[in-house]
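Colleague: Top line first, the protein sequences correspond to chains A and B.
Per the working numbering: the first sequence = residues 1 to 147.
Per the working numbering: the second sequence = residues 1001 to 1147.
The beta-carbon is built from N, C-alpha and C at its ideal position, and this holds for glycine as well.
There are 2 protein chains.
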Amino acid sequence: MENKTKSLWKSRRTLNSSGLRITNQRTLLLDLIHRGEGHLDADELYRLAREKQPRISLSTVYRTLRMLKNLGLVEEVHFDESHHHYEVPPAKEHHHLVCLGCGKVVEIHKALSRYIKKNVADAKDFEIIDTELRMTGFCPDCRHKRE
Amino acid sequence: MENKTKSLWKSRRTLNSSGLRITNQRTLLLDLIHRGEGHLDADELYRLAREKQPRISLSTVYRTLRMLKNLGLVEEVHFDESHHHYEVPPAKEHHHLVCLGCGKVVEIHKALSRYIKKNVADAKDFEIIDTELRMTGFCPDCRHKRE
DNA sequence: CTCAGTGCAAAAGCTTTGCATAATA
DNA sequence: TATTATGCAAAGCTTTTGCACTGAG
Chain A
1 MENKTKSLWK SRRTLNSSGL RITNQRTLLL DLIHRGEGHL DADELYRLAR EKQPRISLST
61 VYRTLRMLKN LGLVEEVHFD ESHHHYEVPP AKEHHHLVCL GCGKVVEIHK ALSRYIKKNV
121 ADAKDFEIID TELRMTGFCP DCRHKRE
Chain B
1001 MENKTKSLWK SRRTLNSSGL RITNQRTLLL DLIHRGEGHL DADELYRLAR EKQPRISLST
1061 VYRTLRMLKN LGLVEEVHFD ESHHHYEVPP AKEHHHLVCL GCGKVVEIHK ALSRYIKKNV
1121 ADAKDFEIID TELRMTGFCP DCRHKRE
């Protein structure tokens, strides 16, 4: 997809201009993260990475994720589990709809975001920086199975 | 506060009717959780508990929290950190506004919840079970300090 | 008296770190 | 060549578990 390639190049440029080296490991991990459907965790990424570079280490995965997070090139998302998930910070914010039946994750449209943000900011006199919305429930398929 | 006492008794009744024993440790932990301002983590709870019962163990804290969670008497909340926080599931849902300056946590009013829920449920044909909304930003105090 | 609950210590996940080696700029 | 990044192994944190003992019902 056109956008993914663009975003990949942006990442490489950021590394470069931060004086960081573009290694095979970093290239591979960036590629996997951009190619992936998001919501990868470190272990999953490690598993995928080893298919291409069997000698890559889990430390490198963690170190790379931390670095990318600090650069703002990936974001950490916190689900119910006790470990972190990572995704490319999309134009979209973190508005997820998670199916309790099959685990499917659906993105929620942005119009709501603006509405919520404005509403809360006004009511509480806060300057809102980030919004994270997570809803759980049952998708149509799983709902039918339950009935 | 009147409400906290009520909610404490509800918890004890739930334990009782589930055939679970009401021990000193459980009484103490329930009390601390209800007395607390919410968003306690296991370690903080352990620290507080030891002031009253020096021999209580961290395992007991974790076991009790898991039990209370399963009974629906406390809820696990996931913030940025890599460990869990617990709070009494209030009439209110998990709608938090967190100040990035001082860490203050403000509850968001419920009207929004209904609006969001209905909107998303309609648009995505999901049956929504739970909504978790977390916004970060700067409270009036911290905003002024920054300027 | 009995069995659920506890404390302790040990283990189990996930994540980070120290250090010698390898690879980039 | 000069550092930065890597792999490996070991350590660190948070959370869970096994087991013998304690205490609630």
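#1: Quick check: does the Cβ of A:T23 come within less than 7 Å of any heavy atom belonging to the ligand MG?
#2: Count the C-beta pairs between the stretch 23 to 30 of chain A and the stretch 43 to 53 of chain A that are closer than 8 Å, then say yes if the count reaches three, no if not.
#3: With three or more beta-carbon pairs closer than 8 Å as the criterion, would you say the stretch 1115 to 1134 of chain B touches the stretch 1067 to 1074 of chain B?
#4: Run down chain B in chain order and give the residues with a C-beta less than 7 Å from the C-beta of A:M67.
#5: Using 8 Å as the threshold, is the C-beta distance between A:H85 and A:L40 below it?
#6: Three-state secondary structure (DSSP) at A:D31?
#7: Can you name, in chain order, every residue of its own chain whose Cβ lies under 7 Å from the Cβ of A:V120, other than the five neighbours on each side?
#8: Cα separation between B:T1070 and B:L1097?
#9: Tell me the rounded alpha-carbon separation between A:D130 and B:L1133.
#10: Can you give me the C-alpha to C-alpha distance between A:C139 and B:L1068, rounded to a whole angstrom?
#11: Go ahead and pull the three-state DSSP assignment for A:V77.
#12: Can you list, in chain order, the residues of its chain whose CB lies under 7 Å from that of A:A91, leaving out five sequence neighbours each side?
#13: Counting only Cβ pairs nearer than 8 Å, list the residues of chain A close to B:D1130.
#14: Short of 8 Å in beta carbon distance, which residues of its chain neighbour B:Y1062, apart from the five on each side in sequence? Order them along the chain.
#15: Verify whether the separation of the beta carbon atoms of B:Q1053 and B:N1016 is less than 8 Å.
#16: Look at the alpha carbon of A:S11 and the alpha carbon of B:D1141, and state the distance between them as a whole number of angstroms.
#17: Determine whether the Cβ of A:K124 lies closer than 8 Å to any Cβ atom of chain B.
#18: Where do the ends of the beta strand (DSSP E) carrying A:D130 lie?
#19: Classify A:I56 as buried or exposed, calling it buried when 16 or more other Cβ atoms lie within 10 Å of its own Cβ.
#20: Buried or exposed for A:L20, please, with buried defined as at least 16 other CB atoms from any protein chain shown within 10 angstroms of its CB.
#21: So what does DSSP say about A:L48, is it helix, strand or coil?
#22: Check whether the Cβ of A:V74 lies closer than 8 Å to any Cβ atom in chain B.
#23: In this structure, what does DSSP give as the bridge partners for A:H85?
#24: Does chain A have any CB closer than 8 Å to the CB of B:K1092?
#25: Could you name the residues of chain B that A:L71 contacts, counting a contact when the two beta carbons are closer than 8 Å?
Modeller: If we stick to the structure as given:
#1: The ligand MG is absent from the structure shown, which contains no ligands of any kind.
#2: yes
#3: no
#4: Numbered from its first residue, the first sequence carries residue 67 of chain A at position 67. Ordered by position in chain B, no residue passes the 7 Å Cβ test against A:M67, which lies about 17 Å from the chain.
#5: Indexing the first sequence from 1 puts residue 85 of chain A at position 85. Indexing the first sequence from 1 puts residue 40 of chain A at position 40. Yes. Within cutoff.
#6: By 1-based counting over the first sequence, the position of residue 31 of chain A is 31. Reduced to three states, the DSSP call for A:D31 is helix.
#7: To locate residue 120 of chain A, count along the first sequence from 1; it is residue 120. These residues qualify, in order along the chain: F126, I128.
#8: Within the second sequence, the letter at position 70 stands for residue 1070 of chain B. Within the second sequence, the letter at position 97 stands for residue 1097 of chain B. Here residue 1070 of chain B is Asn; the residue named in the question, Thr, does not match the sequence. If you take the alpha carbons of B:N1070 and B:L1097, they lie about 26 Å apart.
#9: In the first sequence, counting from the first residue as 1, residue 130 of chain A sits at position 130. In the second sequence, counting from the first residue as 1, residue 1133 of chain B sits at position 133. Rounded to the nearest angstrom, the two C-alpha atoms are 11 Å apart.
#10: Numbered from its first residue, the first sequence carries residue 139 of chain A at position 139. Numbered from its first residue, the second sequence carries residue 1068 of chain B at position 68. Between A:C139 and B:L1068, the C-alpha separation is close to 28 Å.
#11: Start at 1 with the first residue of the first sequence, and residue 77 of chain A comes out as number 77. Strand, per DSSP.
#12: On the first sequence, residue 91 of chain A is found 91 positions in, with the first residue counted as 1. Residue placement at A:A91 is poorly supported in this model, since its pLDDT is 46, which falls under 50; the coordinates are not used for a value here.
#13: Here residue 1130 of chain B refers to the residue found at position 130 when the second sequence is read from its first residue. Neighbours of B:D1130 on chain A, chain order: M135, T136, G137.
#14: The residue labelled residue 1062 of chain B in the question sits at position 62 within the second sequence. Only A1042 meet the Cβ criterion.
#15: As a working note, residue 1053 of chain B is residue 53 in the second sequence. As a working note, residue 1016 of chain B is residue 16 in the second sequence. Not in contact: B:Q1053 and B:N1016 (Cβ atoms no closer than 8 Å).
#16: Along the first sequence, read from residue 1 onward, the residue named residue 11 of chain A stands at position 11. Along the second sequence, read from residue 1 onward, the residue named residue 1141 of chain B stands at position 141. Each residue's Cα considered, the two are about 36 Å apart.
#17: Counting from 1 along the first sequence, the entry for residue 124 of chain A is found at position 124. Yes, A:K124 counts as interfacial toward chain B.
#18: Here residue 130 of chain A is taken as the residue at index 130 of the first sequence, counted from 1. Its beta strand (DSSP E) spans residues 127 to 138.
#19: By one-based count along the first sequence, residue 56 of chain A stands at place 56. It is buried - the Cβ of A:I56 has at least 16 other Cβ atoms within 10 Å.
#20: The count along the first sequence starts at 1 and reaches residue 20 of chain A at position 20. It counts as exposed.
#21: Here residue 48 of chain A corresponds to residue number 48 of the first sequence, with the count starting at 1. Helix at A:L48.
#22: Residue mapping note: residue 74 of chain A aligns to position 74 of the first sequence, counting from 1. No, A:V74 does not count as interfacial toward chain B.
#23: Locating residue 85 of chain A in the first sequence gives position 85, where the first residue counts as 1. The partner list for A:H85 (beta bridge, DSSP) reads A:D41, A:V77.
#24: As a first step, residue 1092 of chain B must be located in the second sequence, where it is residue number 92. Annotation note: pLDDT 48 at B:K1092 (below 50); position unreliable, coordinate value reported separately. Not an interface residue.
#25: Counting from 1 along the first sequence, the entry for residue 71 of chain A is found at position 71. What A:L71 touches in chain B: nothing, since even the nearest Cβ is about 17 Å away.
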